[in-house]
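S.K.: One structure, as structure tokens, below. Some questions next.
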Amino acid sequence: AVVFHNVDDLPQDTQYDFIVAGGGTGGSLVATRLAENPNWKVLVIEAGGSNEDFWQTRVPAFWPMLWKTPMDWNYTTVPQPGLNNRAVDYPRGKVLGGCSSHNAMIYTRGAKSEWDRYAELGGNDGLKWDNVLPLLMKAEKWSQAPGGLSDAGHYDPAFHGTHGELAVSAPYSEHPFNDMLMQSSQELSDEFPFNQDWNDGTPVGTAWDEFTIDAHGQRSNAATAFLSQTGNNVHVLLSTYVTRVVPATSGGTDFRVVEVGTEAGGELKQIVAHKEVIVSGGIFGTPQILLHSGIGNGEELEAAGVPTLVENPSVGKNLSDQVTVFVSFSTSIDDTVYALYSLFLSLTSRRSSFDQDSAFEQWNTTGTGPLAKPFPLNHMSFIRLPDDAPPFSEEGFPDPTTGEDASHVEFTFFQIGAPDPDAGAANATIQIYLSNIHPISRGSVTISNSNPFEHAAVDPGILSNPADMSILREGFRSLRRLFAAPVFQGSVFGSVIPPENVTSNEDLEDFLRSATSSWLHGVGSASMSPKGAKWGVVDPDFRVKGTTGLRVVDASVIPFAPSAHTQAPTYGFAELASLLIAQAYA
Ligand SMILES: Cc1cc2nc3c(=O)[nH]c(=O)nc-3n(C[C@H](O)[C@H](O)[C@H](O)COP(=O)(O)OP(=O)(O)OC[C@H]3O[C@@H](n4cnc5c(N)ncnc54)[C@H](O)[C@@H]3O)c2cc1C
545 AVVFHNVDDL PQDTQYDFIV AGGGTGGSLV ATRLAENPNW KVLVIEAGGS
595 NEDFWQTRVP AFWPMLWKTP MDWNYTTVPQ PGLNNRAVDY PRGKVLGGCS
645 SHNAMIYTRG AKSEWDRYAE LGGNDGLKWD NVLPLLMKAE KWSQAPGGLS
695 DAGHYDPAFH GTHGELAVSA PYSEHPFNDM LMQSSQELSD EFPFNQDWND
745 GTPVGTAWDE FTIDAHGQRS NAATAFLSQT GNNVHVLLST YVTRVVPATS
795 GGTDFRVVEV GTEAGGELKQ IVAHKEVIVS GGIFGTPQIL LHSGIGNGEE
845 LEAAGVPTLV ENPSVGKNLS DQVTVFVSFS TSIDDTVYAL YSLFLSLTSR
895 RSSFDQDSAF EQWNTTGTGP LAKPFPLNHM SFIRLPDDAP PFSEEGFPDP
945 TTGEDASHVE FTFFQIGAPD PDAGAANATI QIYLSNIHPI SRGSVTISNS
995 NPFEHAAVDP GILSNPADMS ILREGFRSLR RLFAAPVFQG SVFGSVIPPE
1045 NVTSNEDLED FLRSATSSWL HGVGSASMSP KGAKWGVVDP DFRVKGTTGL
1095 RVVDASVIPF APSAHTQAPT YGFAELASLL IAQAYA
């Protein structure tokens, strides 16, 4: 790609076939795929800078350091009634590669039944698991992590590609907890079975982590894997905001023009796409661009001072967001924690023996060591609550999942923090992120004025539906059941966060409201729906309803959150969109 930093530097004689608004996860992929046709000229417009200007993006363990930096949009939600009115941080990547440049690199595709439901809900058979899996595998380059620890048995090669662009690997560290967790999956195999590969369409169980990390121990993202490989038929314009898409003719609904600028009150310019504009601003940026363009709920647009051009009340609604809570248990297992985490995540650590400089040297020279992974422990569990669990039996909530292959909650085994005697803690703690990954709650992205440079108001509606609270609460009880497995007797004791005496529904729910936040996997704010449906923002071919020349390709079109973290699903949707766009001009 050829990179520009100022709209005035774009060559005057270039006519762009496609303009992609947002060079993030979905946008970088779709631009790359379209540019495989050498006759097409593609312009990518990105509000942030180049990923290459942030070398820290390459170091897997440095991902938490990228929050609240110039490469983070640094959103904060509106106060969340489900969280005792707390407002919580919501990072989003403002850089080439978008969130794939600063996420935790976990690579999970979700369940077969979820993709099949997307196909049904979106009215698009291309989204069926059997159709998306080959696209994801074709784009994948499975890589053995450096350092000599074999990944055999930690994944199923039948479900991974080896000749694509996006590097995926399963780096891990040796630690006693690995064997214990494996044994627990035998002892309690009904609730916590071993799963050899969470990416085979049946993610339920305890599995070894897989990450978008390459054979050199470096992050692989949408910018490094895809966009940077393109030739000079791709132009990338950095540090430039798409403020609106604009009708090509006054009063029309053909939105093949983008308006760009760099700051409120500054000069705005327009650039024409000869074939299409593709909005890929992510779950907050995309509805923001559509709303400022006059595509949205007419009453809300009028209140914000934006004239309505296409009435569509679904824009910015249906935001579906997984939620997470940090919990810990007292343990006598060796700690894994690195000082880095205590520094950047404010977790308690007294591990003075950890030398960050030599860890960096090790990563820099060999791609191995503690910095070559996003966090110290090596597994996650996707867990289905039992059929007779209280949310479904006593409380009568419907099962929110799409089938037996999908999970309700997820345990991310994060690290084991060293004992902190000063704080009166004699034992280390094993620290886990417990997440409800199938939220029923829905939130919104709204604008309150016509300034496109101002952040939209973000309301993920965390724990606003009582079913979500009930499932998260039972997820914690499930975690307590896991640590009651025989293998953990004598080495994992009671919970520390929340304290062991927090057992009643009421006390657990009080804790959860005080400690839960977003798992940063929002989807659905410009949801796909069948053609002619009374809801939804894009048609099955990703075209914005009621418009021509305009599509959306990013996580905002995904109708509901999957049993997965959302980068691989975003790539899956973007691969399909690329095929459909190319076919439209074949
Ligand atoms: C901290 C964090 C950790 C995460 N960890 C994981 C993980 O481990 N595994 C996983 O699978 N998922 C993870 N996710 C989620 C996942 O990365 C995202 O769901 C996914 O990358 C979203 O892709 P996208 O294309 O929708 O949006 P993005 O990747 O956010 O791309 C949107 C792009 O558009 C740009 N943009 C926005 N507005 C404008 C505008 N007006 N003009 C120009 N450009 C604009 C943005 O700067 C950005 O580059 C994480 C997310 C975060 C924030």
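Its first residue numbered 545, the sequence shown is counted upward by one per residue in my numbering.
C-beta: ideal position from N, C-alpha, C; glycine also.
Excluding the 5 residues preceding and the 5 following R1087 in the sequence, name in chain order all residues of the same chain whose CB lies nearer than 8 Å to its CB.
M.R.: Closer than 8 Å at Cβ, skipping near neighbours: L1094, R1095.
S.K.: Can you check whether the CB of H952 is closer than 8 Å to the CB of I927?
M.R.: yes
S.K.: Between the Cα of A1000 and those of V547, G829, H698, M724, spot the shortest distance and give me the residue it belongs to.
M.R.: G829
S.K.: By DSSP's criteria, D695 is part of a beta bridge. Which residues make up the other side?
M.R.: Looking at the DSSP output, D695 shares a beta bridge with no other residue.
S.K.: Do T601 and L610 have their CB atoms nearer than 8 Å?
M.R.: yes
S.K.: Could you give the first and the last residue of the continuous alpha helix (DSSP H) run that contains Q1111?
M.R.: 1111 to 1128
S.K.: Report the rounded CA-to-CA distance for Q1127 versus A605, giving the unit in angstroms.
M.R.: 40 Å
S.K.: Regarding A1112 and ligand 1, is the C-beta to nearest heavy atom distance less than 7 Å?
M.R.: Checking the Cβ of A1112 against ligand 1 gives yes.
S.K.: For the beta strand (DSSP E) holding Y662, just list the boundary residues, first then last.
M.R.: Per DSSP, Y662 belongs to no beta strand (DSSP E); it is in the alpha helix (DSSP H), 656 to 666.
S.K.: For A903, count the other beta carbons within 10 Å of its own beta carbon; 16 or more makes it buried, fewer makes it exposed. Which is it?
M.R.: The Cβ neighbour count for A903, taken over all protein chains shown within 10 Å, is at least 16; the residue is labelled buried.
S.K.: Taking the runs of the alpha helix (DSSP H) that are 4 residues or longer, which of them lie wholly in the segment 694 to 752?
M.R.: 720 to 731
S.K.: Using the three-state DSSP reduction, which class does G570 fall into: helix, strand or coil?
M.R.: helix
S.K.: Which residues in the same chain as V1082 place their Cβ atom closer than 8 Å to its Cβ, once the five residues preceding and following it in sequence are excluded?
M.R.: A1070, S1071, M1072, S1073, V1088, K1089, R1095, V1096, V1101
S.K.: According to DSSP, is W686 helix, strand or coil?
M.R.: strand
S.K.: Name, in chain order, the residues that DSSP records as bridge partners for A817.
M.R.: Under DSSP, A817 forms a beta bridge with Y560.
S.K.: Short of 6 Å in beta carbon distance, which residues of its chain neighbour E590, apart from the five on each side in sequence? Order them along the chain.
M.R.: Excluding positions up to five away in sequence, the list reads G567, L640, L782.
S.K.: Runs of 3 residues minimum, wholly inside the segment 947 to 1010: which ones carry the beta strand (DSSP E) assignment?
M.R.: 953 to 961, 972 to 980, 988 to 990, 1001 to 1003
S.K.: Pick from I833, T787, S794: whose alpha carbon is nearest that of E811?
M.R.: T787
S.K.: Using only the heavy atoms of ligand 1, determine whether one of them is closer than 7 Å to the beta carbon of L1064.
M.R.: Yes.
S.K.: Exposed or buried, which one is P1043 when buried takes at least 16 other CB atoms within 10 Å?
M.R.: exposed
S.K.: Give the DSSP-derived three-state secondary structure of A780 in the structure shown.
M.R.: Contrary to the premise, residue 780 reads as Val rather than Ala in this sequence. Reduced to three states, the DSSP call for V780 is strand.
S.K.: Please find out if some non-hydrogen atom of ligand 1 comes closer than 7 Å to the beta-carbon of V786.
M.R.: Yes, since a heavy atom of ligand 1 falls inside the 7 Å radius drawn around the Cβ of V786.
S.K.: From N922, H704, N595, P1030, pick the residue whose C-alpha is nearest to that of A769; which is it?
M.R.: N595
S.K.: Which residues bound the beta strand (DSSP E) around R1095?
M.R.: 1094 to 1096
S.K.: Does the beta-carbon of Y1129 have 16 or more other beta-carbons within 10 angstroms, so that it is buried, or is it exposed?
M.R.: exposed
S.K.: Taking the alpha-carbon positions, what's the G626 to P935 distance?
M.R.: 17 Å
S.K.: How far does the alpha helix (DSSP H) with E803 in it reach, from first residue to last?
M.R.: Note, E803: premise wrong, no alpha helix (DSSP H); beta strand (DSSP E) at 801 to 805.
S.K.: Any heavy atom of ligand 1 closer than 7 Å to the Cβ of E658?
M.R.: no
S.K.: On the criterion of 16 or more Cβ atoms from any shown chain inside 10 Å, does K612 qualify as buried, or is it exposed?
M.R.: exposed
S.K.: When DSSP labels each residue in this structure, what does D1054 get in the three-state scheme?
M.R.: helix
S.K.: Between S644, E905, R1057, which lies nearest to L710 when the distance is taken from Cα to Cα?
M.R.: S644
S.K.: Consult DSSP for G829 and reduce its assignment to one of helix, strand or coil.
M.R.: helix
S.K.: DSSP three-state label for V632, please.
M.R.: coil
S.K.: Cβ of G637 within 7 Å of any heavy atom in ligand 1?
M.R.: yes
S.K.: Near Q762, what residues of its chain come up, given a Cβ to Cβ distance below 7 Å and the 5 sequence neighbours on each side ignored?
M.R.: R602, G911
S.K.: Distance check for H818 and I1125, CA to CA, integer angstroms please.
M.R.: Their backbone Cα atoms lie some 13 Å apart in a straight line.
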